[in-house]
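In my numbering, the protein residues as written are 1 to 275. Just so it is clear, CB atoms sit at the ideal spot from N, CA and C, and this is done for glycine as well. All of these numbers come straight from a predicted model, not from anything done at the bench.
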């Protein structure tokens with residue numbers, strides 16, 4: 001009697017085989033091109049370009065990539081590079097870690113969707129512009145610390161933007177658009193996402209009236225549902241409701257938090273990161 005393997009094991013094996021075959025192809029291509037000195041110069045240039053990308057340093061399970069202007073999603077493998085505009089989704093029981101060009105690490109749990117809005121970094125000036133948009137799911141960020149005020153590192157959602165310089169924190173974006181952020185080290189500056197107000201169109205038919213002459217008329221302007229900004233410090237959390245309003249930061253129980261497997265997994269990985 002033939003024993004059938006579970007579908008999830010088969011799909012994982014197929015994805016792994018695809019990644020291995022792709023790696024073998026690139027190694028073979030590199031061996032063919034190595035004898036040519038001109039090509040070696042181009043290889044050196046490509047290393048410089050990679051600094052503006054995010055590297056997939058860990059993948060458990062499966063993750064899918066949607067490129068700009070491309071409708072079909074493709075499998076992601078360890079060692080792949082992601083660029084600004086890439087949209088990524090993790091499968092069930094899957095996790096992914098990215099190493100950013102500023103030496104920061106950011107991880108995403110199962111059934112999470114996010115977009116790399118910007119991954120720009122200037123190594124000479126330490127000027128970074130890194131922005132990750134969380135659509136749904138869980139993320140953990142270990143952000144490298146740089147001296148000076150240049151640039152930003154932000155993780156944004158529909159209702160909030162968290163900006164940091166050097167810290168460790170996690171963010172949960174729930175299906176109802178509520179957000180929970182917990183800070184473990186350092187601090188974050190979190191504020192409401194800006195929204196654009198709706199302006200009623202002018203009526204097509206108007207009653208006769210006296211014209212008073214030209215005068216300035218205020219146009220549409222960006223407004224938020226509620227203007228708020230908070231500093232959330234180590235061992236504090238903040239909750240943002242689905243409507244975009246926020247509760248004041250408060251402390252959380254670290255011992256209870258450590259019971260969460262997602263937290264323990266990230267802390268184990270963080271111990272291997274050099275500060």
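Item                                                                                                                                                : Value
Rounded to the nearest angstrom, what separates residue 228 and residue 191 at their Cα positions?                                                  : 6 Å
Exposed or buried, which one is residue 68 when buried takes at least 16 other CB atoms within 10 Å?                                                : exposed
Could you tell me which residues DSSP puts in a beta bridge with residue 99?                                                                        : 55 and 105
One question on the structure: do residue 249 and residue 178 come within less than 7 Å of each other, judged by their Cβ atoms?                    : no
For residue 206 and residue 136, I'd like the C-alpha separation in whole angstroms.                                                                : Residue confidence for residue 206 is low, a pLDDT of 39 falling below 50, so the modelled location carries little weight and cannot support an answer.
List the endpoints of the continuous beta strand (DSSP E) containing residue 189.                                                                   : 187-192
Going by alpha carbons, who is nearest to residue 78 out of 166, 96 and 259?                                                                        : 96
Less than 8 Å between C-beta atoms, sequence neighbours within five positions excluded: which residues of the same chain meet that for residue 152? : 128, 129, 130, 131 and 163
Look at the Cβ atom of residue 57, then the Cβ atom of residue 108, and state whether they are nearer than 7 Å.                                     : no
Can you tell which of 120, 59, 171 and 111 has the C-alpha that lies nearest to the C-alpha of residue 85?                                          : 120
Please state the DSSP three-state secondary structure of residue 257.                                                                               : helix
Among residues of its own chain, excluding the 5 on either side of residue 232, which ones have a beta-carbon nearer than 7 Å to its beta-carbon?   : 181, 183, 187, 188, 190, 238 and 249
Let me know the secondary structure DSSP gives residue 174 once reduced to three states.                                                            : coil
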